[in-house]
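Step one of this worksheet: look at the structure below.
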Amino acid sequence: MSVRTAGDALWIEDAASEAGRRAADATFTAAADAAAVRTPGRGPGESLTERRTTEPKGVSGLIAQFPDRAELLVVSPLVDRAPLSYAKRAAVVGNTPTLLSPDPTGDRTPGGRLSGARRDVRLREARGVCDRVIDWPADRSLSAVAAAVDGGGH
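Residue numbers for the sequence shown follow full-length UniProt numbering, beginning at 1 and rising by one.
Written out as structure tokens, the structure reads:
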């Protein structure tokens, strides 16, 4: 089992194996922890929406390494368009992804509502690109979201 990366993208090879499931669980836990922190930016005076969202050159190389029947899971809060560009590139070569999107937005402030509206637009766009889009509300655990998805919920 190996984990490959390109920029912010991550690919867990053979995720159906026991080692792959453990790696995926660790990845989801890390994503949940990162979503819980809800930091507005990565540096002084920098917000996520102000960052450049150019796609790293390595993403195309990573996608090119996928086996023909690879199942791609993109985990992103969709605070910018970069994850959608990854999903579109993968879909073009026949690896249409599933998107798991933790929701870091809130409705307590005008900024939170605006971020939520922008994220909703990206979710709608993702539904046209991805096999499945799973919206992960901040107030639900990953296990509850997974149980709802397995049971046919959203």
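Just so it is clear, CB atoms sit at the ideal spot from N, CA and C, and this is done for glycine as well.
State the Cα-Cα distance for the pair residue i and residue j, rounded to the nearest angstrom.
i: S85; j: D68; result: 20 angstroms
i: L14; j: S115; result: According to the sequence provided, residue 14 is Asp. The question's Leu does not apply to it. Taking the straight line from one Cα to the other gives about 35 angstroms.
i: D150; j: R132; result: 12 angstroms
i: V92; j: I12; result: 20 angstroms
i: L142; j: S101; result: 11 angstroms
i: D135; j: A19; result: 26 angstroms
i: R81; j: R118; result: 10 angstroms
i: G128; j: R22; result: 30 angstroms
i: N95; j: P77; result: 20 angstroms
i: P44; j: G112; result: Note that P44 scores 42 on pLDDT, short of 50, meaning its location in the model is unreliable and no value can be drawn from it.
i: T29; j: A148; result: 18 angstroms
According to DSSP, what are the bridge partners of residue i?
i: S101; result: D135
i: E74; result: A small correction: the amino acid at residue 74 is Val; Glu does not occupy that position in the sequence shown. V74 pairs with L99.
i: I63; result: Answer is none; I63 lacks a bridge partner.
Give the range of the alpha helix (DSSP H) segment to which residue i is assigned.
i: D150; result: L142 to D150
i: E125; result: P110 to R127
i: S17; result: Careful: S17 lies outside any alpha helix (DSSP H) and carries neither H nor E.
i: V92; result: A82 to V92
Can you tell me whether residue i is buried or exposed? The criterion is at least 16 other CB atoms within 10 Å of its CB, across all chains shown.
i: residue 206; result: Missing from the structure shown is residue 206; the chain here goes from 1 to 154 and no further.
i: R108; result: exposed
i: R89; result: buried
i: V121; result: exposed
i: P104; result: buried
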